[in-house]
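Going down the list, the protein sequences come from chains A and B.
The letter at position 420 of the first sequence is residue 412 when you use this note's numbering, and the numbering goes up by one with no holes.
The letter at position 383 of the second sequence is residue 375 when you use this note's numbering, and the numbering goes up by one with no holes.
Even for Gly, the Cβ is constructed at its ideal location relative to N, Cα and C.
Number of protein chains: 2
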Amino acid sequence: MQERENAAVDYAELHKDRFLDELKDYIRIASISTDPLSKDDVYRAAQWTEQQLLNLGLQNVKIYPTDRHPIVYGENLEAGTGKPTLLIYGHYDVQPPEPLELWESSAFEPTVRGENLFGRGTSDMKGQVIVTLKAVEALMRTGGLPINVKFLLEGEEEIGSPNLPKFIVEHKDLLKCDFALNPDTGMIGADIPTITYGLRGLAYFELRIWGPDHDLHSGIYGGVIHNPAIALCELIAGMHDKDGRIALPGFYDKVRTLDEEERKQFNLLPMDDDFYLKNTGAPKLTGESGYMPVERVGARPTLDVNGLLSGFTGQGSKTVLPMKAMAKISMRLVPDQDPKEVHQQLLKYLEEKAPDTIKWEVEEMTGSPASITDRNISAVKAIDKALERTWGKKPLFRREGGSVPVVGQMQEILGVESVMTGFGLPDDNLHGPNEKIHIPSFYRGIEAITRFLCILGED
Amino acid sequence: MQERENAAVDYAELHKDRFLDELKDYIRIASISTDPLSKDDVYRAAQWTEQQLLNLGLQNVKIYPTDRHPIVYGENLEAGTGKPTLLIYGHYDVQPPEPLELWESSAFEPTVRGENLFGRGTSDMKGQVIVTLKAVEALMRTGGLPINVKFLLEGEEEIGSPNLPKFIVEHKDLLKCDFALNPDTGMIGADIPTITYGLRGLAYFELRIWGPDHDLHSGIYGGVIHNPAIALCELIAGMHDKDGRIALPGFYDKVRTLDEEERKQFNLLPMDDDFYLKNTGAPKLTGESGYMPVERVGARPTLDVNGLLSGFTGQGSKTVLPMKAMAKISMRLVPDQDPKEVHQQLLKYLEEKAPDTIKWEVEEMTGSPASITDRNISAVKAIDKALERTWGKKPLFRREGGSVPVVGQMQEILGVESVMTGFGLPDDNLHGPNEKIHIPSFYRGIEAITRFLCILGED
Chain A
-7 MQERENAAVD YAELHKDRFL DELKDYIRIA SISTDPLSKD DVYRAAQWTE
43 QQLLNLGLQN VKIYPTDRHP IVYGENLEAG TGKPTLLIYG HYDVQPPEPL
93 ELWESSAFEP TVRGENLFGR GTSDMKGQVI VTLKAVEALM RTGGLPINVK
143 FLLEGEEEIG SPNLPKFIVE HKDLLKCDFA LNPDTGMIGA DIPTITYGLR
193 GLAYFELRIW GPDHDLHSGI YGGVIHNPAI ALCELIAGMH DKDGRIALPG
243 FYDKVRTLDE EERKQFNLLP MDDDFYLKNT GAPKLTGESG YMPVERVGAR
293 PTLDVNGLLS GFTGQGSKTV LPMKAMAKIS MRLVPDQDPK EVHQQLLKYL
343 EEKAPDTIKW EVEEMTGSPA SITDRNISAV KAIDKALERT WGKKPLFRRE
393 GGSVPVVGQM QEILGVESVM TGFGLPDDNL HGPNEKIHIP SFYRGIEAIT
443 RFLCILGED
Chain B
-7 MQERENAAVD YAELHKDRFL DELKDYIRIA SISTDPLSKD DVYRAAQWTE
43 QQLLNLGLQN VKIYPTDRHP IVYGENLEAG TGKPTLLIYG HYDVQPPEPL
93 ELWESSAFEP TVRGENLFGR GTSDMKGQVI VTLKAVEALM RTGGLPINVK
143 FLLEGEEEIG SPNLPKFIVE HKDLLKCDFA LNPDTGMIGA DIPTITYGLR
193 GLAYFELRIW GPDHDLHSGI YGGVIHNPAI ALCELIAGMH DKDGRIALPG
243 FYDKVRTLDE EERKQFNLLP MDDDFYLKNT GAPKLTGESG YMPVERVGAR
293 PTLDVNGLLS GFTGQGSKTV LPMKAMAKIS MRLVPDQDPK EVHQQLLKYL
343 EEKAPDTIKW EVEEMTGSPA SITDRNISAV KAIDKALERT WGKKPLFRRE
393 GGSVPVVGQM QEILGVESVM TGFGLPDDNL HGPNEKIHIP SFYRGIEAIT
443 RFLCILGED
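The structure is reproduced here in structure tokens:
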């Protein structure tokens, strides 16, 4: 078995330049799922993904349409019923590239600088999808897959996967498996292989404030009209208390407390103040008092403003008293918070705090609960071993601050746990300008997933 | 004299359709002074203005270049040294038309609907400039001007007249006069002729907040990084106290108190809560406690946010933790506040309140003090009589919330008082979409200014 593993790893080493070129082709497709104007590009990315599965020689390869962006599926069940079946999840859509002026090279023209490949989606997560496709290719081209593999690749992750749960429910048999692999979480550092066993959930809202029914002259009406931009700021400012805790009524009622053992492990992670300062360039850290940085990100809920817009934002000055103001506000949730309840908590906060000098409206954009994976299942042990074999050192376990709703959905609908790993680094600028993937980590990722599939096949 | 006055009024009545057509031509020139891309259009508006003065047959007509947008000058001194000289001020630049989607007809294609002419600059203040030009035309074409008249028409009012003070200083002899007329203030209602004797000043700033040195993923970093959009909201929320007073240190130190007599007059103005609610469509009024609405707008300083921008503001959701946030913040000032001191007060507030988790910067955009005109001068008495003769009722005196820095500059540099009136209405949507001028008020304005010039000539 070790022989088959090494042969596949050698194959991957031999073809690594082509693998990177294929990733570049993938990046060139601007599959921005949130942008209605990019719908055709998202579809082109689905077709490109389908072609990869066909090239591998998988069976039942198909593009499944949904109400918005399609799902791509393919499988190889040649290992037979005596071997476990792994469902590999990925998404081929990407975040919008704005602000464009901050990219050093074009977001959709992948560019190598130093050890990194820059481009939107390199790390999140076209690069990770290619890692899994190429691990499967390496094994199939050097003796066959040691386990059964199914690929489920969606195009709506960056907009909250609105059509995925329905698809999973309607295709429970097709997706039947023993474990899932979700390579959409990252590493703590290039030399620190990492397994994520917890993810935060997400509740994303747009809050709109209206005051007067048209824009006003701030000289003629300033003094009698509650400025909607100021009213919005006042409401947002009240969403945190002086200890950095979120002030929505009942927000912490269901937050699961970290036990002493888990806190001890958390504090072993090499992610102190300096780690976060270095990776962000922020002048100083902030957050909920009483918790370490890694706890605040991994195990405590947070509230962020993702966007603000009101009035005149061009060059120069305009003395307008704007009629409206908008904020995009999202909360990262931890077990056992419920995004529907958080929505109600936000509404209650606004009902209590919003003054009657303005009108307001909240639109729920997306919501998903947090999730925790059982660390004792065989698939987690297999990835642990595979990462150790690849990096020559034990991986670290952590809970991550990001949200991967599909992990909770697979637990709930398919009854399977997800192995969460990935080969992105903290400075990959996910969702920001100059997103990149560290090319040596990308190659090591292919090696690690190859070994993971082999170790799973040993059982 | 009454005969000459009536002949001119008849002339204006006879030519009123042409006057409106000329205003339409003026509106079609998109002279947006704040927009660098509109520089040529601003110049075209200066040339159009110059041509009007030439058509009138004025002397010394000239376009004076400045560092940005030019000043247009012309005069008629035929009344001779025995008669007073009036300096008529106006501006031919306009505010940006954004948001464009809220205009019912194109901002720069003037359109009549009902009794109104819609278009950017109709009321503020190309319409008012045309009123004065046509009053002068009516008198010149029917026997000559009863007083000496000088026109000073600038193209930078909407950006704070950065080059006007220098021009006035350098052309003190050219601009020598007994009084100034500034028709850039409005009327309380179409049947309420209004004289403004006080104006608020303006201090306009752009506040920029930085946190991390690039946009971050809100899942991976939410909980340790002070979100710049939230930090901005917190700082803005703290700028008012619970009584609606402005919380900048020392802000009220130099605010001149209203005496009982002035408060009594203020309260005679037909501008109660309903007036402001009707003209704005706001659900409820707000403002500094202890003052009537008209006092809060006319005689008390205010602080407004004119624009807010941070992060992702497009359609859909993006889980970005933005690197920066920006607000345009302006204060309307009353006597005897000094805009330079207000700038220092804002800096002091930020030095005291801004947390060390973010960096900040303030850019001063424009600043001018408030001004008060002596109500007992002969020119104010003349406009009082002219408005009464035109409307058949006594005009009301008020202090207005807007800012016209040139009034203070003329007091300071030329030593002359300004007569402030104008024929715009409270629902003219100055600075907002669907700006309009009430056409009957425009015509009455021409009549009123014609009579004003005649009454001044009677002395």
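| Check | Outcome |
| --- | --- |
| Taking all protein chains shown into account, decide if Val161 of chain B is buried (16 or more other Cβ within 10 angstroms of its Cβ) or exposed. | exposed |
| Give the DSSP-derived three-state secondary structure of His335 of chain A in the structure shown. | helix |
| Does any residue of chain B bring its CB to less than 8 angstroms from the CB of Lys8 of chain A? | no |
| Closer than 8 angstroms, CB to CB, is Tyr35 of chain B near chain A or not? | no |
| Name the two residues that bound the continuous beta strand (DSSP E) containing Ile238 of chain B. | Per DSSP, Ile238 of chain B belongs to no beta strand (DSSP E) and is neither H nor E. |
| For the segment 252 to 279 of chain A, enumerate the residues whose C-beta is nearer than 7 angstroms to any C-beta of chain B, in chain order. | Tyr268, Thr272, Gly273, Ala274, Pro275, Lys276, Leu277, Thr278, Gly279 |
| Would you identify the three-state DSSP class for Lys54 of chain B, choosing helix, strand or coil? | strand |
| Taking 6 angstroms as the limit between beta carbons, can you name the residues of its chain near Gly273 of chain A, skipping five residues before and five after? | none |
| Between Val123 of chain B and the rest of its own chain, which residues show a CB-CB distance below 7 angstroms, the 5 nearest in sequence each way excluded? | Pro175, Phe415, Phe434, Gly437, Ile438, Ile441 |
| Please report how far the alpha carbon of Gly193 of chain A lies from the alpha carbon of Thr177 of chain B, in whole angstroms. | 55 angstroms |
| Quick check for students: name the residue ranges of the beta strand (DSSP E) that lie wholly in the segment 316 to 363 of chain A, counting only runs of 3 or more. | 316 to 325, 351 to 360 |
| Are any of the Cβ atoms in chain B nearer than 8 angstroms to that of Ser309 of chain A? | yes |
| How many whole angstroms separate the CB atoms of Lys428 of chain A and Phe11 of chain A, which I take to be in contact at a CB cut-off of 8 angstroms? | At roughly 16 angstroms, the Cβ-Cβ gap does not stay under 8 angstroms, so Lys428 of chain A and Phe11 of chain A are not in contact. |
| For a cutoff of 8 angstroms on Cβ pairs, would you count Gln87 of chain A as touching chain B? | yes |
| How far does the beta strand (DSSP E) with Asn68 of chain B in it extend, from its first residue to its last? | 63 to 68 |
| Using the Cβ count rule (16 or more neighbours within 10 Å means buried), how would you classify Lys142 of chain B? | buried |
| Which residues share a DSSP beta bridge with Tyr196 of chain B? | B:Ser322, B:Thr358 |
| Can a CB atom of chain A be found closer than 8 angstroms to the CB of Pro157 of chain B? | no |
| Does the separation of the CB atoms of Ala38 of chain B and Ser30 of chain B fall below 8 angstroms? | no |
| Is the beta carbon of Ser395 of chain B closer than 8 angstroms to that of Leu191 of chain B? | yes |
| Contact check, Asp296 of chain B vs Leu313 of chain A under 8 angstroms by CB: the rounded distance? | 5 angstroms |
| Flag this pair as touching only if the segment 269 to 289 of chain B and the segment 227 to 242 of chain B have three or more C-beta atom pairs under 8 angstroms; answer yes or no. | yes |
| What three-state label does DSSP hand Ile180 of chain A in the structure shown? | coil |
| According to DSSP, what are the bridge partners of Met412 of chain A? | A:Asn174, A:Thr188 |
| Bridge partners for Leu295 of chain A per DSSP, in chain order? | A:Met323 |
| Hey, is Thr349 of chain A's beta-carbon within less than 8 angstroms of any beta-carbon in chain B? | yes |
| Sorted by chain position, which residues of the same chain lie with C-beta nearer than 7 angstroms to Gly119 of chain B's C-beta, five sequence neighbours on each side aside? | Leu15, Ile429, Phe434 |
| Using the Cα positions of Ile63 of chain A and Tyr84 of chain A, report the straight-line distance between them to the nearest angstrom. | 9 angstroms |
| Helix, strand or coil for Tyr81 of chain B, going by three-state DSSP, please let me know. | strand |
| Is Thr103 of chain B helix, strand or coil when you go by DSSP? | strand |
| Is Thr305 of chain B close to chain A? Criterion is C-beta to C-beta, closer than 8 angstroms. | yes |
| Which residues in chain A have a C-beta closer than 7 angstroms to the C-beta of Thr294 of chain B? List them in chain order. | Gly214, Gly215 |
| For Leu48 of chain A and Ala99 of chain A, I'd like the C-alpha separation in whole angstroms. | 28 angstroms |
| Using a Cβ-Cβ cut-off of less than 7 angstroms, give me the residues of the segment 109 to 122 of chain A that come near chain B, in sequence order. | none |
| Please go through the same chain and pick out, in chain order, the residues whose beta-carbon is closer than 8 angstroms to the beta-carbon of Lys168 of chain B, but skip the five residues on each side of it. | Thr77, Leu406 |
| So is Met412 of chain A in contact with chain B if we call contact Cβ pairs under 8 angstroms? | no |
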